[in-house]
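According to my numbering, the sequence shown is numbered sequentially starting from 31. Glycine residues also receive a C-beta, built at the ideal position from the N, C-alpha and C atoms. Okay, so here's the structure we're looking at.
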Amino acid sequence: MKRTMVLILAISMVLLLFAGCNKDSGTTTTATPAPTQGASTSAPESSAPEETDEPSPYNFAKGKYETNADGLPIAPYEYELPITTTDEVLTFWTACYNPEWLPPDTELGEMPGAVQFQEKTGVHVEYVAPPAASMAENFSILLASDDLCDIMTHAASYYSGPFKNAIVEEEFFINIYDYKDYCPAFLYEITRDPNDRDLINTVFQEPDFIPQFVELKDKGALGSGYFTRGDWLADWGMTNEDIVTLDDLHNIMTLSKTDKGLDHPILLYSTIESTFYEFVCFDTFLCVNSFGFQPYVKDGDVKFANMNDNDLQGITLYNQWFNEGLIDPDWTSYTSNNDADDKIHSGAYNYVMAAPTGASEMSDTLAPGDTIGWVPLRKPLLYEGQTLHLGLTMSRQHYGSAAISTKCENIPLAVSWVDYRYSAAGAYDCSWGVEGVTFEYDENGNPTQTEFIYANENLPLMVWLLYATFNTITDPGMQYIEAQYAFPGGEKGLYALEFWVDMPYDGAYQWPRTLTTSNFDAADRDIFNALANDILTYIAENYPQFVDNSKPLSEWDSYVQSLVDMGINDIIEMYQKYYDAYMAAQA
31 MKRTMVLILA ISMVLLLFAG CNKDSGTTTT ATPAPTQGAS TSAPESSAPE ETDEPSPYNF
91 AKGKYETNAD GLPIAPYEYE LPITTTDEVL TFWTACYNPE WLPPDTELGE MPGAVQFQEK
151 TGVHVEYVAP PAASMAENFS ILLASDDLCD IMTHAASYYS GPFKNAIVEE EFFINIYDYK
211 DYCPAFLYEI TRDPNDRDLI NTVFQEPDFI PQFVELKDKG ALGSGYFTRG DWLADWGMTN
271 EDIVTLDDLH NIMTLSKTDK GLDHPILLYS TIESTFYEFV CFDTFLCVNS FGFQPYVKDG
331 DVKFANMNDN DLQGITLYNQ WFNEGLIDPD WTSYTSNNDA DDKIHSGAYN YVMAAPTGAS
391 EMSDTLAPGD TIGWVPLRKP LLYEGQTLHL GLTMSRQHYG SAAISTKCEN IPLAVSWVDY
451 RYSAAGAYDC SWGVEGVTFE YDENGNPTQT EFIYANENLP LMVWLLYATF NTITDPGMQY
511 IEAQYAFPGG EKGLYALEFW VDMPYDGAYQ WPRTLTTSNF DAADRDIFNA LANDILTYIA
571 ENYPQFVDNS KPLSEWDSYV QSLVDMGIND IIEMYQKYYD AYMAAQA
C-alpha cells in the first residue's frame, strides 16, 4: 500500500505487544504449542539472496534444522559462523544512554562488544544511536522521511497507533513470520515451554504474524520484592522462612518499634505499593495505577481493582497499620525508594521494596559493629497454606525489542544477525560481553564481572551497556540471569529471586498480559477514552486517602458509588466482551 507520513508522539519505552500465536507447515515429529486463531497477514518473501550454483557467502539457518508440523524448530539452533563473508552493512538504530562515558573519539559501534559481534558473525553493522531523550523525535523524523534503519529497536513503542498498521498497511516493517525460517533460535526460545502462553501470545500476535523480536531472559523471575532486617530476625529467634502470614509480618513490624526503636518501620508509597504487587493475598491489586485499570478475572468474570470488598479489606489493614504508627506518616511524598533514600540508609525502616540487588545495596554499616543484614521476604499470606492467584507471574520477556525495516536490502541477513543473539553462543555474548573487559573467568572457570564493571565509579549497569554493547533496556536478544549477579555480593540477589517465588501460586485470576485496549475496536476505544481518564484520576486521588484517615472508611460505599456513576461498569463490560472473545479464540 501507499506509504503515509505519520507524526509520532513521544511514548514511554514500555513493551506494547499484543496477543496471538502460531501455525503453518513443517516436518518431523515433536509437538510445540498449538496456535491461537487469527487472520493471516503473511506476504510473499522478499529481499532474499538469489539461489545460484556458486558457493553461498551466507550461513543462514534456513533448511538446516528440524521443525514440527507448524514449521517451528524442535531444538535449539547454533549458527555456523561467520553468518556471512560479504561486506554488506546493516544499520542498527538503538539507544546510547550515557555517550559521555564512551572513550574519547569512540562511537558505539567501535566498542568491544560491537567489535566482537562483528568478528564472530561477519556482519558489518553501523550503529545509529541518538541520545535516548531524543529517540521518539528521531524515530518520527526517520518514519516521516521513509528513511528507517534496517533494524529499529523499540519501534512498536514509538509508532503511533497499532503497530500492525505499520506492517500491514503502511509496510514500514516486515512481518517476521514471513522470514521464520531464518530465526530458529528466537522461535525455539519463544515456544520451548508450551505452558508459557503469555510469552507465546505476546510474540505471535496472530498465528502467522510476528511484529518484532523481543528481549528474553533464560528463565522467568520477579523484578522486585520486599526485604527486612535479617540480623534483627536472628535477635528475635526467627529467620525469613518464619514470616509467612500478615500476622507474622505485623509481629516483626511491631517488634521493630518496641524492641528496636524505629518510629515507623514500614516504607509505603504514594501509590500504596509498587506495581510489583506485594499484598495480592487479598486476590486484588492494592496498588493505585493512574496509568490504567488493573483487571483480573475470577471464575470468568472481569473485576477491576480498587473498588471491591477485597480492596476494602486490604485498605482497612493498611489503615490499621497506619493508626498503629507502623507506616511512615510522610508516605504520600514517596513515589519510589529514591524519595526516601536517606531514611533507608540511616536504618529508619524494616520493610523496604527493592530489586534483588537491594540486599547488597542497602547493607550499609551505620556505626562500628552495626551492620544491616537485609534478607528477602515472600509475599505475605492471609493464612498458612493459601495459594495465591495473582501477582507471581514470572515473565521471561524483558524490555528490549526490534523490528526489521522493509527498506533493508538483505532482510534474511538482518533477521539472522538478530537471531544469533538468541542462540547459546550469542546469548553468552549478550550475557557476559567481552572477556578481559566486562568479564573474566574465576579460579573455578566460572565467568564473573570484572572490577572495571562492578566497581565502576559510574553506574555499573550503564557502563556495561556501553562496553558489552548489548543494551538490555532497548535491544533484542537473550541473557542469562546469573550474569547480572556475578559480582561480589551478587549471590544475595540470586538468593532473593529464588526465595520470592518459592510459594504456592496458580495464576488463576491473572489477566492475559497481551489483552489490552489496543484490541478494542474504534467505537469501543472512543467510549473508553471518554470515560477512563476521569475515573482513573478519581481513583488515584481518593482511594489512597483511606489509608491515613483523610477519607474515613465509612465513606467506602460512597466512593464506590461515585465510580459507578462515572461509568466504570461500562468499561468493565467492555473488558468482559473482549476477554470472552479472547478466551474463545484460545479454545
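* Asked: How should GLN514 be labelled, buried or exposed, when 16 other C-beta atoms within 10 angstroms of its C-beta is the threshold for buried?
  -> Classification for GLN514: buried.
* LEU545 to PHE321 span [Cα, whole Å] -> Roughly 16 Å between the two C-alpha positions.
* To do: Quick one: measure Cβ to Cβ for GLN235 and LYS194, integer angstroms, because I've assumed they're closer than 8 Å.
  => Sure, about 7 Å apart at Cβ, within 8 Å.
* Expressed to the nearest angstrom, what Euclidean distance is found between the alpha-carbon atoms of ASP176 and ALA552? -> Rounded to the nearest whole angstrom, the C-alpha separation of ASP176 and ALA552 is 27 Å.
* Asked: Is it buried or exposed for GLN591, if we count other Cβ within 10 angstroms and need 16 for buried?
  -> Label assigned to GLN591: exposed.
* Asked: Where GLU201 and ASP372 are concerned, what is the direct C-alpha to C-alpha distance, given to the nearest angstrom?
  -> One C-alpha to the other measures close to 51 Å.
* Asked: Measuring CB to CB, does ALA335 end up less than 8 Å from ASP329?
  -> Contact annotation: ALA335 and ASP329 have beta-carbon atoms that are not nearer than 8 Å.
* Going by C-alpha distance, which of ALA498, ASP313, THR362 and LEU527 is nearest THR387? -> Answer by Cα proximity: LEU527.
* Just mark MET613 as buried or exposed, buried being the case when its beta carbon has 16 or more other beta carbons within 10 Å. => The C-beta of MET613 has fewer than 16 other C-beta atoms within 10 Å across all chains shown, which makes the residue exposed.
* Asked: Cβ of TYR307 within 7 Å of any heavy atom in the ligand PLP?
  -> Of ligands this structure carries none, so the ligand PLP is not represented either.
* Validate contact between the segment 500 to 510 and the segment 428 to 445 using beta carbons, cut 8 Å, 3 pairs -> Yes: at least three Cβ pairs fall under 8 Å.
* Asked: Among residues of its own chain, excluding the 5 on either side of VAL594, which ones have a beta-carbon nearer than 6 Å to its beta-carbon?
  -> Same-chain partners within the cutoff: there are none.
* To do: State the DSSP-derived secondary structure class of SER363, mapped to helix, strand or coil.
  => Secondary structure at SER363: helix, using DSSP grouped into helix, strand and coil.
* **Identified DSSP bridge partners for PHE257** => According to DSSP, which records beta bridges pairwise, PHE257 is partnered with VAL382 and PRO406.
* Since SER446 and ILE181 are thought to touch, with beta carbons under 8 Å apart, how far apart are those beta carbons, to the nearest angstrom? -> In fact, because the Cβ distance is near 11 Å, the residues do not count as touching under 8 Å.
* **C-beta contact flag for LEU276 and PRO133 at 8 Å** => Not a contact, by the Cβ cut-off of 8 Å.
* To do: Identify the continuous beta strand (DSSP E) that holds TRP123 and give its terminal residues.
  => Where TRP123 is concerned, the enclosing beta strand (DSSP E) starts and stops at 119 to 123.
* Which first and last residues belong to the beta strand (DSSP E) in which TYR326 is found? -> Note, TYR326: beta strand (DSSP E), 325 to 328.
* Indicate the three-state DSSP secondary structure (helix, strand or coil) for SER453 in the structure shown. => In this structure, SER453 counts as coil in the three-state DSSP scheme.
* Asked: Where does the unbroken alpha helix (DSSP H) through PRO490 begin, and where does it stop?
  -> That run of the alpha helix (DSSP H) goes 490 to 498.
* Residue of SER461, LEU297, PHE306 and VAL332 minimising C-alpha distance to TYR348 -> Checking every option, the nearest Cα to that of TYR348 belongs to LEU297.
* Proximity below 8 Å, CB of PRO477 to CB of ASP228 -> Not closer than 8 Å, so no.
* **the segment 82 to 94 contacting the segment 203 to 212, beta-carbon criterion three pairs below 8 Å** => Yes, the segment 82 to 94 touches the segment 203 to 212.
* Determine the DSSP secondary structure at VAL153, reduced to helix, strand or coil. => DSSP, reduced to helix, strand and coil, places VAL153 outside both helices and strands of the structure shown, so it counts as coil.
* Asked: On the three-pair Cβ rule with 8 Å, is the segment 154 to 169 touching the segment 120 to 127?
  -> Short answer: they touch.
* To do: With a threshold of 16 other CB atoms inside 10 Å of the CB of ASP610, please say whether the residue is buried or exposed.
  => Label assigned to ASP610: exposed.
* Would you check if the distance between the CB atom of MET283 and the CB atom of ASN380 is smaller than 8 Å? => Closer than 8 Å, so yes.
* Asked: To the nearest whole angstrom, what separates the beta carbons of TRP262 and LYS290, a pair I think is in contact under 8 Å?
  -> Indeed they touch by this definition, with Cβ atoms about 6 Å apart.
* To do: May I ask you to report which of helix, strand or coil DSSP gives PRO477?
  => Residue state for PRO477 is assigned as strand, using DSSP reduced to three classes.
* **Residues sharing a beta bridge with LEU411, DSSP** => Paired residue(s): THR275.
* Asked: To the nearest angstrom, how far is it from the Cα of ASN563 to the Cα of VAL332?
  -> If you take the alpha carbons of ASN563 and VAL332, they lie about 20 Å apart.
* With a CB to CB cut of under 6 Å and the five nearest residues on each side skipped, what residues in its chain are close to PRO345? -> The amino acid at residue 345 is misidentified as Pro; the sequence shows Ile. Short of 6 Å from the beta carbon of ILE345, and not among the five residues preceding or following it, lie these beta carbons of its own chain, in chain order: PHE576.
* Which word fits LEU489, buried or exposed, when buried means at least 16 other C-beta atoms lie within 10 angstroms of its C-beta? -> Exposed: under 16 other Cβ atoms inside 10 Å.
* Asked: So THR417 and PRO534 are in contact, right, with Cβ under 8 Å, and what is the actual spacing, rounded?
  -> That pair is a contact at about 4 Å.
* Asked: In three-state DSSP terms, what is ASP238?
  -> Three-state DSSP puts ASP238 in a strand.
* To do: Report the partner residues of SER431 according to the DSSP bridge assignment.
  => In the DSSP assignment, SER431 forms a beta bridge with VAL244.
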